[in-house]
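All residue numbers for the sequence shown refer to my numbering, where the first residue is 1341 and numbers rise by one. Quick reminder that beta carbons are idealized off the backbone N, C-alpha and C, glycines included. Report on the following structure.
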Amino acid sequence: MPSITICGFGNVGYHLALRFLRKGMKIDHIVCKGLLRQNLPPEFGPVQFVSDIQEIDQLSDIMILSVKDDQIESTATQIPSDTNTLVVHCAGATSIQCLRSFKNHGVFYPLQTFTKGVDVKEPNFPICILANSKKNQDTLHTLALQISDRVEIISDEQRKKLHLGAVIVNNFTNFLNAQSQQFCEDNQIDFDLLYPLMYETIHKLKHGKAYELQTGPAKRNDILTFKAHINELKQWPDLQHLYEFLSELIRTTYNYDS
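Right, here's the structure in full:
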């Protein structure tokens, strides 16, 4: 297998490194700043941590840039442009073209939500790849298969749209969960009571289209319940506004007049 260096050790870099290590793969270096090694799982023991790419004497076969989108190009400038290393980024919304100065470049985009220190429950999250040659594409495909059974070759435009879809189903949904959690805490209600409902909502998506699975007072145009909920939320104006806005979207989607 190719040697690997990971530049950036946020949520994505941490989880990619951990999965590679647990599969018995060798990581030459992890480039990051201010790392407290004592807080890491034992798998990271053999890994050499450096604070700057310039500290690396010999570059690995693959350099994975798991930094923020707006840091990809500046990080890439620290890598010699004449290297044979395959340089890839992990961003969903950034074009492969930002790495075009390298003869070997690509994208290695894991489609999952990551939090450092929290294991991912779904082992086979998709990894979307793209490269500037068939050889590099095959290399990334082989690499991705080490940590997932779901590998997709996806163009820049497809990946950007997929990333947008991911923001809606994950980031927006989590924000709604946070609002509900706070509302429950404010009212001394155990938020855990909602877990079975949340699980079933996601589980049903594997068996039908979300549009056809919609339920709730806005879907059935239950005006009395809607007004009661709005009244309940008068002490939480932001959540009240959010409830009204989403309810109206659902009502109009299912062809009820305002």
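Exercise. Would you list the residues sitting across from Ile1590 in a DSSP beta bridge?
Key: In the DSSP output, where bridge partners are listed per residue, Ile1590 has none listed.
Quiz item: Between Arg1362 and the rest of its own chain, which residues show a CB-CB distance below 7 angstroms, the 5 nearest in sequence each way excluded?
Solution: Glu1383
Quiz item: Do the stretch 1493-1505 and the stretch 1524-1535 make contact, defined as three or more Cβ pairs closer than 8 angstroms?
Solution: no
Quiz item: If you follow the alpha helix (DSSP H) that Tyr1535 is part of, which residue opens it and which one closes it?
Solution: Tyr1535 to Lys1544
Quiz item: In the stretch 1374-1444, which residue ranges form an unbroken beta strand (DSSP E) of at least 3 residues, counting only runs that do not cross its ends?
Solution: 1388-1390, 1402-1405 and 1426-1429
Exercise. Give the secondary structure of Pro1604 by DSSP, where H, G and I count as helix, E and B as strand, and everything else as coil.
Key: The question about residue 1604 has no answer, for the chain in this structure spans 1341 to 1598.
Quiz item: Can a CB atom of chain B be found closer than 8 angstroms to the CB of Pro1381?
Solution: Among the chains of the structure shown, chain B does not appear; only one protein chain is present.
Quiz item: Excluding sequence positions up to five away, which residues of its chain have a Cβ less than 6 angstroms from the Cβ of Val1470?
Solution: For clarity, residue 1470 is Leu in the given sequence; the question names Val instead. Excluding sequence neighbours, Leu1470 sits near Ile1436, Gly1446 and Val1447.
Practice problem: Below 8 angstroms CB to CB, which residues in the same chain sit around Leu1358 once its five sequence neighbours on both sides are set aside? | Solution: Pro1381, Glu1383 and Phe1384
Quiz item: So, helix, strand or coil for Leu1502, using DSSP?
Solution: helix
Quiz item: Nearest-angstrom Cα distance between Ala1518 and Phe1349?
Solution: 26 angstroms
Practice problem: Tell me, please, which residues DSSP counts as bridged to Phe1448. | Solution: Ile1469
Quiz prompt | Under the three-state DSSP convention, the category Thr1479 falls into | solution = helix
Quiz prompt | Span of the alpha helix (DSSP H) around Ile1563 | solution = Ile1563 to Glu1572
Quiz item: For Met1403, which option in His1543, Pro1463, Val1427 and Ile1367 has the closest C-alpha, if you only look at C-alpha atoms?
Solution: Val1427
Quiz prompt | For Val1491, three-class secondary structure by DSSP | solution = strand
Quiz item: Can Tyr1583 and Asn1561 be called in contact, C-beta distance under 8 angstroms?
Solution: no
Quiz item: What's the C-alpha gap between Thr1479 and Asp1410?
Solution: 26 angstroms
Quiz item: So what does DSSP say about Ile1508, is it helix, strand or coil?
Solution: helix
Quiz item: Taking the C-alpha atoms as reference points, what is the distance between Lys1544 and Gly1364?
Solution: 36 angstroms
Self-check item: Nearest residue (CA-CA) to Leu1502, options Thr1434, Gln1554 and Ala1568
Solution: Thr1434
Exercise. Classify Cys1347 as helix, strand or coil using the three-state DSSP reduction.
Key: strand
Quiz item: In terms of alpha-carbon separation, which member of Lys1366, Lys1408 and Gln1554 lies closest to Leu1589?
Solution: Gln1554
Quiz item: Is His1369 helix, strand or coil by DSSP?
Solution: strand
Quiz item: Where does Val1458 sit, in a helix, a strand or coil, going by DSSP?
Solution: strand
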